[in-house]
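Q:
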Amino acid sequence: CLVVGDRLHFYVSGRTSGENSVALAFLRRDGFAWMDAGVQEGTLTTRPARFSGRRLFVNVDNPKGALRVEVLDEAGQVIAPFTAEACVPVAADQTAHRLRWKSVADLSSLANQPVRFRFHLRNGHLYAFWVSPDASGASRGYVTAGGPGFTENRDLVGSTGRN
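In the numbering used here, the protein residues as written are 61 to 223.
#1: Look up residue 62 in the DSSP assignment and say whether it is helix, strand or coil.
#2: State the start and end residues of the unbroken beta strand (DSSP E) segment that holds residue 191.
#3: Tell me, please, which residues DSSP counts as bridged to residue 102.
#4: Secondary structure at residue 201, three-state DSSP: helix, strand or coil?
#5: Please state the DSSP three-state secondary structure of residue 77.
#6: Assuming residue 160 and residue 175 are in contact, meaning their beta carbons sit under 8 angstroms apart, how far apart are those beta carbons, in whole angstroms?
#7: Assuming the contact rule is C-beta atoms closer than 8 angstroms, residue 117 and residue 171 should be a hit. Round their C-beta distance to whole Å, please.
#8: Give a yes or no on contact between the region 119 to 129 and the region 102 to 111, applying the rule of three or more CB pairs nearer than 8 angstroms.
#9: Do residue 63 and residue 71 have their C-beta atoms closer together than 9 angstroms?
#10: Which of helix, strand or coil does DSSP assign to residue 167?
#11: By DSSP's criteria, residue 85 is part of a beta bridge. Which residues make up the other side?
#12: If you draw a straight line from the alpha carbon of residue 135 to that of residue 76, how long is it in whole angstroms?
Here it is, written out as structure tokens:
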């Protein structure tokens with residue numbers, strides 16, 4: 061699999077007796093699984109996690125919907141000012157969209173603390189989320205065999221290297 065912009069490229073071949081074929085299959089980047097919500101809001105709350113980055117990014121497809129996120133402590137209490145109400149709602153189809161809250165620059169005040177993220181989604185799909193140290197959204201995760209723009213097998217490029 062190669063990472064090319066916002067898509068994964070899978071080169072496949074098939075054989076039967078005497079017949080051969082080659083094909084190229086595509087998948088949305090990090091699109092293996094998702095949270096789905098219709099008109100009625102759906103929520104997803106993560107397990108407690110620690111991070112060292114500063115910016116929360118999502119892979120989301122909800123151009124006619126809304127996504128908001130709030131940050132909770134280990135006990136499930138909302139940590140001000142990271143409330144769902146203060147989260148700038150997302151209505152987009154992007155594989156690396158940065159989330160923002162109205163009164164705070166980033167998540168650095170919560171680094172290395174156990175927190176949960178609660179996602180509130182309407183009319184869309186949430187595929188992935190990550191906290192990045194970079195404004196580009198580089199996840200530092202593995203990118204299989206890489207692809208155009210990658211110099212190693214980890215995402216150190218972020219959205220700046222995507223089509």
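Even glycine gets a Cβ: it sits at the ideal position worked out from N, Cα and C. Note that the structure is predicted; figures quoted are calculated from it, not measured.
A: The answer reads as follows:
#1: In the sequence shown, the residue the question calls residue 62 occupies position 2. Judged by DSSP in its simplified three-state form, residue 62 adopts strand.
#2: Here residue 191 corresponds to residue number 131 of the sequence shown, with the count starting at 1. Residues 184 to 192.
#3: Numbered from its first residue, the sequence shown carries residue 102 at position 42. DSSP lists 181 as partners of residue 102.
#4: Reading the sequence shown from its first residue, position 141 is the one you call residue 201. In the structure shown, residue 201 adopts coil according to DSSP, grouped into three states.
#5: Locating residue 77 in the sequence shown gives position 17, where the first residue counts as 1. Under the three-state reduction of DSSP, residue 77 is assigned to coil, being neither helix nor strand.
#6: Mapped onto the sequence shown, residue 160 falls at position 100. Mapped onto the sequence shown, residue 175 falls at position 115. Rounded to the nearest angstrom, the Cβ distance from residue 160 to residue 175 is 17 angstroms, too far for a contact under 8 angstroms.
#7: For the purposes of this step, residue 117 is identified with residue 57 of the sequence shown, where counting begins at 1. For the purposes of this step, residue 171 is identified with residue 111 of the sequence shown, where counting begins at 1. Contact doesn't hold; Cβ gap of about 15 angstroms is too wide.
#8: The region 119 to 129, when compared against the region 102 to 111, does not touch it at the 8 angstroms Cβ threshold.
#9: What you label residue 63 is simply residue 3 of the sequence shown in a count that begins at 1. What you label residue 71 is simply residue 11 of the sequence shown in a count that begins at 1. No; because the gap between Cβ atoms is not below 9 angstroms, this pair is not in contact.
#10: In the sequence shown, the residue the question calls residue 167 occupies position 107. In the displayed model, residue 167 falls within coil according to three-state DSSP, outside both helix and strand.
#11: What you label residue 85 is simply residue 25 of the sequence shown in a count that begins at 1. Residue 85 pairs with 70.
#12: Stepping through the sequence shown from its first residue, residue 135 is reached at position 75. Stepping through the sequence shown from its first residue, residue 76 is reached at position 16. C-alpha separation (whole angstroms): 57 angstroms.
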